[in-house]
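Data block below; observations after.
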Amino acid sequence: MFKSALLIGIRSLLKNKLHSTINLSGFAIGITCSLLILAFVWDELHYDRFHPNDDRFYRLALHRSFPGRDVSFATTPFPAGPTLLQDIPEIDSYCRLFTPFSSPPRVRIGDIEFYETNRLAADSTFFRLFGVQLKEGDPRNALKDPNSVVLTESTSKKYFGDQVAVGKMIKVGDSTLYRVTGIAEDVPHRSHLEFDLLFSLRSFPGAHDGTFWGSYQCLNYFLLKPGVTPEQVKAKIPSVVKQYMGPQVESLLNITFDEYEAAGNRHNYVFQPIQSIHLESNFQNEIKPNGDKNYVYLFMVVSVLILCTACFNFVNLSTANSVKRGKEVAVRKVVGSSKLQLIIQFITESIVITLIAVVISCLLFIWLLPYFNQLAEKQIALTDFSLPNVAGLLLVFTVLLGTLSGLYPAFFISSFPTLKIFKGELKLSHKKWGFRNILVVAQFMVSIFLMAATLFIYRQMNFMMDKKLGFDKDQVLVIERSNQLGGSLRAFMDELQQVNGVEKASASFHVPGRQMSGGSFHAQGVSATERYLFTAIYADYDFADTYGIKVREGRFFSKEMASDTAAVLVNQATVDMVGWDNPLEQKILPTAGTLQRIIGVVDDFHFASLHEKVGPLVVFGISPQQLATLSPNLVSVRIGSGASTKATVQSIEATWSKWMQGSPIQYSFLDQEFNALYQNEERISRVFSTFSILAICIALIGVVGLSTYIANQRTREIGIRKVLGSSASGILVLLSKDFVQLLIAANILALPLAWLALSKWLEQYPYQTSLTIWLFPAIGIVFSFFIVLTTCLVTYRKAQMNPSKAIRYE
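The opening residue of the sequence shown carries number 7 in this note's numbering; numbering runs sequentially from there.
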């Protein structure tokens, strides 16, 4: 019976070519979109699945409370790893990671120089705990000794070609030699880790042997013993922290640890499962930007909505086309076919269409995957998926989707009354709120919702990229590695300011938009238990002029004031946090620092991305005399608004080459760096808008099919109306009227839902675009215009038909 139903189904598809083409194209586009989105979701959900024992492998993170402010850190103190292993028996082992060197180090191989951004230092247990495979070298000893380094395969090939790299020496910085002790595979792209060089932690004694619990610069990873839960270990951490941090607090602040905590200083250490980090951890000091589980959930919903839209199309078009097959159904009933046989027949046809659509979708998926990778900035490969598993899932998916999509049309068709069919009285119901129209409304709602979401995601991204930051980021070029100039830095800066087109230049350790250092301070005149968290900028005296930062009270650093070496500026957020009425001449004592006098207050400016509110900031000055001894690693150059950027950059390059012969300049433009902070939103916006357009296309395909059917069904009526004097435009209005009513209903239902969903989504941003009310009806009007226009274009030929032909139409 199934074979017979299959053959009849295929013949039916070939007989109704237009209907089959419309049905297949909408279905195939919908399934392809869903497959691509699900591939994106799968990729996001499969980060860090390559580590051994990942079910008991965790990273230690810290939720730190300061008076008036809470901050979450991915990094924790250097002594946490060895101390917790020593004092908590439920821990099996640990590994610490941190980013060495304040800026990308220069690596010299013979006469060739490289500057490596992706570098880490790790304990010798790295290759035991992490799933990164060592291709050459001993995994137990590769990171055991000082001045040893492991290269990734691609880095080894870049440095040494096809030569054996293990045992060779590389020079890092000015003079330090490191021995290559291993070659590791390139870190899988689905990892929260990222490195090209992995140094032994013992190469940095200050980090390896650090004992201070008040600094958070290290990523601590722990492997728990089998059967141990993270809650068991977490419960023991507070007593360990008190035992080791307590004496340090008493020594620095002259208060007990209990008094310190009572003042609002809390340390809540948590264990993050290694597989959850990518989607559930956007803390300070992450190795690289992580994903966002909310976007993953959003794309899962979009995938389902697009698939539902395609299914609604199929159900509507199949139901509409079923009237054409009325006589076929009647004949089958007369010759003995039961209702169950007819249902099986039409469900089989539905499964056949679905199978063909799935095959087409798989071919489209394979063809479009490289383009989708570019769009979504992914590296998804077909080899990532298990072919037998995918084939099995697609088979189940085909049967389920085909059955569900064909269920209503099958019952609808099999219920045709035989007598009415032979009398030619069978017509498709035009109830205003029949099942078919409800599906059309749902389809329109999905499209309207996606249009609104796409528009406001795009607006939020543009808002963040265009918002005034409190300083001028345009036309600022940032030169890297200026610390290599050493004692010549001041002379280089003087010459740089003479370059035609250079308006101002400043040396610093930090620039807005990049990761900054920080700490806590005690405010003089406030209780000794009160410690305030701040972000620090160390910059020379031209920093404010170079960046256009406004001083609202007091003054900036002055070369004429020798006492400014013990002075700082704070921003307004710092003043508000402490509660100073008169911040000028107040004094602060940073942890492990000296007393600093406040000489000015700057306006709040966004030194980080707009994902965070402007926090407390302290600006420490670098005097002209200190430039040579401190050697800041960054020089910011403001190019004049009327100057030729290209010519000025060439002059800057020439000046650098004069002072640093043989060492190429490395620079970037600050506005581009700031825009890169929002690359996740930009990527999501691109992907979302693409699939929203495709969802609208699916809806339009459905409208084409339904409009064609309705026009055909009402051809005689159109002929009679034209004989009675109706114009072509009047006919178009008549045929579009039902769609207009459905569009009104869809807009009334979808737009409030879109407003509520987008309001909730925007809550995650401290700085938000406005949900401009008039844009919502505008979205509905634009969508409705395209639907009505499509309807009119499809039915125009019927409206122009000769009445005599129309009346004789079968």
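From the three backbone atoms N, C-alpha and C, an ideal C-beta is built for every residue, glycine too.
Considering only DSSP beta bridges, list what residue i is partnered with.
i, result
"Cys101", "Tyr227"
"Ser526", "Leu539"
"Ile604", "Val574"
"Ser344", "Ser344 pairs with nothing; no bridge assigned."
"Val234", "DSSP, once it has assigned bridges, lists no residue as partnering Val234."
"Thr182", "Val178"
"Ser257", "Beta-bridge pairing links Ser257 to no other residue."
"Glu559", "Val607"
"Asp76", "Ser71"
"Gly627", "Ala545"
"Gly252", "In DSSP, Gly252 forms no bridge with anything."
"Val276", "Ala67"
"Ile645", "Val508"
"Gly188", "Val156"
"Ser514", "Ala545, Leu640"
"Gln290", "Phe79"
"Phe594", "The question names Phe, but residue 594 is Ile in the sequence shown. Answer by DSSP bridge pairing, in chain order: Ala529, Gln602."
"Ser206", "Ala128"
Roughly how many angstroms lie between the CA atoms of residue i and residue j, to the nearest whole one?
i, j, result
"Gln632", "Gly599", "17 Å"
"Glu286", "Asn588", "41 Å"
"Val396", "Leu375", "16 Å"
"Leu204", "Glu267", "37 Å"
"Ser669", "Ser663", "7 Å"
"Ser245", "Ser130", "28 Å"
"Val447", "Lys384", "35 Å"
"Val364", "Met457", "26 Å"
"Ile189", "Arg561", "53 Å"
"Ala471", "Arg803", "Sequence inspection shows Met at residue 471; the Ala mentioned does not correspond to that position. Computed Cα separation, rounded: 48 Å."
"Tyr771", "His617", "6 Å"
"Gly507", "Ala387", "48 Å"
"Ile43", "Phe305", "7 Å"
"Val517", "Ser569", "24 Å"
"Pro73", "Ile543", "21 Å"
"Val170", "Ser392", "35 Å"
"Gln592", "Leu636", "26 Å"
"Ser776", "Tyr464", "12 Å"
"Ala682", "Gly519", "9 Å"
Taking Cβ positions, are residue i and residue j nearer each other than 8 Å?
i, j, result
"Lys556", "Val608", "yes"
"Leu135", "Ser162", "no"
"Ile243", "Leu90", "yes"
"Gly711", "Ala316", "no"
"Asp54", "His198", "yes"
"Glu278", "Ala67", "It is worth fixing the name first, because residue 278 is Gln in this sequence and not Glu. Yes, the Cβ-Cβ distance between Gln278 and Ala67 is below 8 Å."
"Trp761", "Phe782", "yes"
"Val484", "Ser691", "no"
"Ala127", "Phe210", "yes"
"Arg62", "Pro232", "yes"
"Ser881", "Pro152", "Since the first and last residues shown for the chain are 7 and 816, residue 881 lies out of range."
"Glu122", "Asp202", "yes"
"Asn322", "Arg442", "yes"
In three-state DSSP terms, what is residue i?
i, result
"His214", "helix"
"Glu486", "strand"
"Val113", "strand"
"Phe56", "coil"
"Asp478", "coil"
"Gly519", "coil"
"Tyr121", "strand"
"Leu777", "coil"
"Leu149", "coil"
"Leu369", "helix"
"Ser713", "helix"
Quick one: does residue i have its CB under 8 Å from some CB of chain D?
i, result
"Leu795", "Of the protein chains in this structure there is only one, and it is not chain D."
Legend entry - Segment contact flag, the stretch 31 to 39 with the stretch 104 to 120, C-beta cutoff 8 Å, min 3 pairs: Two segments are said to touch when three or more pairs of C-beta atoms, one from each, lie closer than 8 Å; by this definition the stretch 31 to 39 does not touch the stretch 104 to 120.
Legend entry - Touch test, the stretch 215 to 223 against the stretch 74 to 86, Cβ-Cβ under 8 Å, three pairs minimum: yes
Inset, instruction - Check whether the stretch 617 to 624 touches the stretch 574 to 583, counting contact only when three or more Cβ pairs, one atom from each stretch, lie closer than 8 Å. - result: yes
Inset, instruction - Please confirm if the stretch 639 to 658 is in contact with the stretch 449 to 469, defined as three or more CB-CB distances below 8 Å between the two stretches. - result: no
Inset, instruction - Please determine if the stretch 464 to 480 and the stretch 788 to 808 are in contact, where contact requires at least 3 C-beta pairs separated by less than 8 Å. - result: Fewer than three beta-carbon pairs drawn from the stretch 464 to 480 and the stretch 788 to 808 are found closer than 8 Å, and the two stretches are therefore not classed as touching.
Inset, instruction - Evaluate contact between the stretch 224 to 237 and the stretch 170 to 185, counting only Cβ atoms and requiring at least three cross-stretch pairs below 8 Å. - result: no
Legend entry - Contact the stretch 730 to 750 vs the stretch 497 to 506: 3+ CB pairs below 8 Å: no
Inset, instruction - Decide if the stretch 401 to 413 is in contact with the stretch 350 to 359; the criterion is three or more beta carbon pairs, one per stretch, under 8 Å apart. - result: yes
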